[in-house]
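The block underneath contains the structure these notes are about, expressed in structure tokens.
Residue numbers (the numbering used here): -9 to 563.
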């Protein structure tokens, strides 16, 4: 029961924070636009996000949480000392990285945004120097998350980003109210990013010290427990942080594409990462804490298989929605339900196509998070890191190969044109960059180069899951030893039930596409509402028809929430 409550609390906190983040991104996209300013802000945000996710939550999940969780069971004082040592280490590393980023902003921007020139380049440099100021604070927030999760206090740690999002939303509203225009909008928002990072840490610190009042800041980095965490730190960064590394390199490649590609990818990633965080991260966070305390191989196998099937059912349903109603969904979100329509229809189409390409890798991406937990709980971060490196190489290779020919395809009035210009056997006309003048002209139509990068990420996600599956199936115990996968149900990672959990998504997509096409003349918001509710009902109904445990559990939870006839208050006459 406690484990279910932990996942539910994490999901609730993530749900609130991600919805606020979606509102923030929608407003940022609408105010800054898909163009020069939007590209510059997306690039500038990549550096602090990269450092936060790579050195903060990503590393702590794999290296710190298992060690701290098990230590709290035996010696709370020692656990407090370990937490204090890791906090000072993270602050020292990120503060150094922030200072380097400020003084070396120009060469750093050239490194991460290869194709930016002129106004886009100069604005990105200015924004980077502002946003990195909050990097150390953002990583400290991730440290708070690791401590709170280890004490099974999931809600506060995952709802805290609401403060960060709210700060930026307030800045954007102020920008619109005071009539700030042009690049000054992005500069004001960059300062809001830094202020929001400080506020996010402050709301968590009280909860951290209440969870373990014996936490003391120290520099005992050479002590046995701290040294063990730091030894696993590097591999954990590569393993759990590969998503951020991939997105970081995607930005560098996107800077070589037509103007607006980076902003379109940033917008699509907000919707793409929503189910990953809401379903995958919430369950993975709760599971890692429990697996770190579990010694029974059979229990680990049974729990992991059940979670894999449950997440596959939920995430595949979201993918069906993205494919069937991606156009009206992106229009509703990024044009603020019709309240503001600053994003052109062709740019909306580009975002929807990028979202669809990314979505092809959602199911394996969430499953990989759970498989990594089995390895992390065994204090094995090296295997996940090696697999992550392979996934990264595959993603980049496929993405780079696809982005160049697809950047020659235009989006004109909702239709795609230019496929006939692609000659796979012509190096000069297909596999070279477009002229710099064409790529930097914001007046030209949107192009599909960003879709190629998203497809590369999806292919890499499937490769990673295949390799993780083999590694997990060979691990018998989370403590030591590698043998066959005999402890897994039916000798299979998903217990042989993956196909049954994906069938409802196929039916849901067919029904949802029909509803979306029928309602084509209706405003986007209404189309999304009707199609979304219809698809949710179909998805759950198919799950019940196939007698899936996760569908039955959802129905049971919904029946508890809905008051019965006897429980409803009666009106007095």
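A virtual CB, placed ideally from N, CA and C, is assigned to each residue, including glycine.
By the neighbour-count definition (other C-beta atoms within 10 Å, threshold 16), residue 318 is a buried residue.
Taking every protein chain shown into account, the CB of residue 547 has fewer than 16 other CB atoms within 10 angstroms, so this residue is exposed. Under a 10 Å Cβ-count criterion, residue 383 is classified as exposed, with fewer than 16 other Cβ atoms of the shown protein chains found around its own Cβ.
Residue 373 and residue 461 do touch by the CB rule: their CB atoms are close to 5 Å apart, below 8 Å.
As computed with DSSP, residue 437 is found in a beta bridge with 400. DSSP places residue 173 within a helical segment (H, G or I) once states are collapsed to three.
Beta-bridge annotation (DSSP): residue 405 is paired with 402.
Annotation for residue 56: the continuous alpha helix (DSSP H) segment containing it runs 55 to 62.
As the crow flies, the alpha-carbon of residue 533 is around 8 Å from that of residue 540.
In this structure the stretch 496 to 515 touches the stretch 305 to 319; the number of beta carbon pairs closer than 8 Å is three or more. Residue 144 and residue 74 have their C-alpha atoms some 20 Å from each other. For the 8 Å CB-CB criterion, residue 211 and residue 79 form a contact. For residue 197, the three-state secondary structure derived from DSSP is helix. The beta carbon of residue 177 is closer than 8 Å to those of 116, 117, 120 in its chain, skipping five residues each way along the sequence. Sorting 536, 35, 412, 405 by C-alpha distance to the C-alpha of residue 88 places 35 at the top.
Between residue 189 and residue 154, the CB-CB gap stays under 8 Å. Judged by DSSP secondary structure, residue 145 falls within the alpha helix (DSSP H) whose first and last residues are 144 to 149.
Ranked by Cα distance from residue 324, the first of 355, 19, 5 is 19. Each of 223, 146, 106 was checked against the Cα of residue 193, and the nearest Cα belongs to 146.
Cα atoms of residue 253 and residue 333: separation of roughly 11 Å, rounded to the nearest angstrom. Burial is judged here by how many other beta carbons sit within 10 angstroms of a residue's own beta carbon; residue 56 has at least 16 and is buried.
Note that the C-beta distance between residue 8 and residue 268 is below 8 Å.
For residue 336, the enclosing alpha helix (DSSP H) covers residues 335 to 349. Inter-segment contact for the stretch 192 to 207 and the stretch 59 to 75 is present: three or more beta-carbon pairs are separated by less than 8 Å. Residues 134, 137 of the same chain have their beta carbon placed closer than 6 Å to that of residue 198, with the five preceding and five following residues left out of the count.
Apart from sequence neighbours up to five positions away, the residues of its chain that approach residue 114 with a beta-carbon distance below 7 Å are 30, 33, 34, 99, 103, 106, ordered along the chain.
Residue environment analysis places residue 10 among the buried positions, since at least 16 neighbouring C-beta atoms fall within 10 angstroms of its C-beta. In this structure, DSSP gives residue 359 a helical state, which the three-state scheme calls helix.
DSSP, reduced to helix, strand and coil, places residue 9 within a helical segment of the structure shown.
The residue among 172, 504, 196 with its C-alpha nearest the C-alpha of residue 520 is 504.
In this structure the stretch 431 to 438 does not lie against the stretch 374 to 381, because fewer than three pairs of beta carbons, one per stretch, are closer than 8 Å. Judged by DSSP secondary structure, residue 532 falls within the alpha helix (DSSP H) whose first and last residues are 514 to 535.
Shown here, residue 325 sits in coil according to DSSP, grouped into three states, outside any helix or strand.
DSSP, reduced to helix, strand and coil, places residue 205 outside both helices and strands of the structure shown, so it counts as coil.
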